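Contents: one structure, followed by commentary.
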Amino acid sequence: MAFPAGEADNSGSLTGHILAQGWADNGTERSSSTTRVVIVMAVALALLVAISVLVVLVANNALSGLLE
Numbered sequence: 002m003a004f005p006a007g008e009a010d011n012s013g014s015l016t017g018h019i020l021a022q023g024w025a026d027n028g029t030e031r032s033s034s035t036t037r038v039v040i041v042m043a044v045a046l047a048l049l050v051a052i053s054v055l056v057v058l059v060a061n062n063a064l065s066g067l068l069e
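For the sequence shown, my numbering begins at 2 and goes up steadily by one.
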């Protein structure tokens, strides 16, 4: 990869050096990635809620059996 010769960053900062490169930001990759992350998080949340409801129902049945 070739870097422009005239744009030397003398600050010593890696962030400044990266930002000085002037690469275009790809917003389409971020939005598809964000959508995928939101879907995975929603599925994980639904799974956790379903498991917790199952645990509550089993514990309720167990306690009812002990008290009878």
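Positions of the beta carbon are idealized from the N, C-alpha and C atoms, including for glycine. Quick caveat, the model's predicted, so the values are computed rather than measured.
Under the three-state reduction of DSSP, which class applies to residue i: helix, strand or coil?
| i | result |
| --- | --- |
| Ser34 | helix |
| Gly66 | helix |
| Ser53 | helix |
| Gly17 | helix |
Looking only at its chain, what residues have a beta carbon closer than 7 angstroms to the beta carbon of residue i, apart from the 5 residues adjacent to it on each side?
| i | result |
| --- | --- |
| Ser14 | none |
Looking only at its own chain, which residues have a Cβ that is under 6 angstroms from the Cβ of residue i, when we skip the five neighbours before and after it?
| i | result |
| --- | --- |
| Leu49 | none |
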